[in-house]
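Numbering (our numbering), first residue to last: 8 to 87. Beta carbons are placed, not taken as given, at the ideal position from N, Cα and C, and that holds for glycine. Below is one structure, written out as C-alpha cells; the observations come after it.
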C-alpha cells in the first residue's frame, strides 16, 4: 500500500497566514533597503503557488532567519 504524500504546495494566502504581522512588516521594511530581500519578495509575490520543497523558497526563508528578520528556528516552522 502506497502512503499518500502530504501536499507541500500552498496558496500564497495560506503561506502568508503562517507569518506574523510583525514578520511581514519587517520583511517589507528591510526589502526597501536590501535588494536581495526585495528580489525574493517580488518573486514570492509573483508566485501562483508556494512549494515548500522548492529550493528558492527554502533558501529565501532560511536567509530571512540568518539575516535576523525571522527568529531562530522560525524558518523550519514556516517550511514544515
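Cutoff 8 Å; reference residue i; Cβ partners in own chain excluding five residues on either side
{"i": "residue 31", "result": "23"}
{"i": "residue 56", "result": "16, 17, 18 and 19"}
{"i": "residue 60", "result": "15"}
For residue i, the residue or residues it bridges with in DSSP
{"i": "residue 76", "result": "Paired residues: none, contrary to the question."}
{"i": "residue 18", "result": "56"}
Exposed unless 16 or more other CB atoms sit within 10 angstroms - verdict on residue i
{"i": "residue 64", "result": "buried"}
{"i": "residue 82", "result": "buried"}
Contacting residues, own chain, Cβ-Cβ under 7 Å from residue i (five flanking each side not counted)
{"i": "residue 58", "result": "15, 16 and 64"}
{"i": "residue 38", "result": "44, 45 and 48"}
{"i": "residue 77", "result": "30 and 71"}
Rounded distance between the beta-carbons of residue j and residue i, thought under 8 Å
{"i": "residue 72", "j": "residue 79", "result": "7 Å"}
{"i": "residue 54", "j": "residue 19", "result": "6 Å"}
Cβ shell of residue i (< 6 Å), same chain only, five flanking positions each side left out
{"i": "residue 25", "result": "85"}
{"i": "residue 69", "result": "82"}
{"i": "residue 21", "result": "none"}
beta-carbon residue i near the ligand ATP non-hydrogen atom, thresh 8 Å
{"i": "residue 71", "result": "Judged by which ligands are present, the structure shown has none, so any question about the ligand ATP falls away."}
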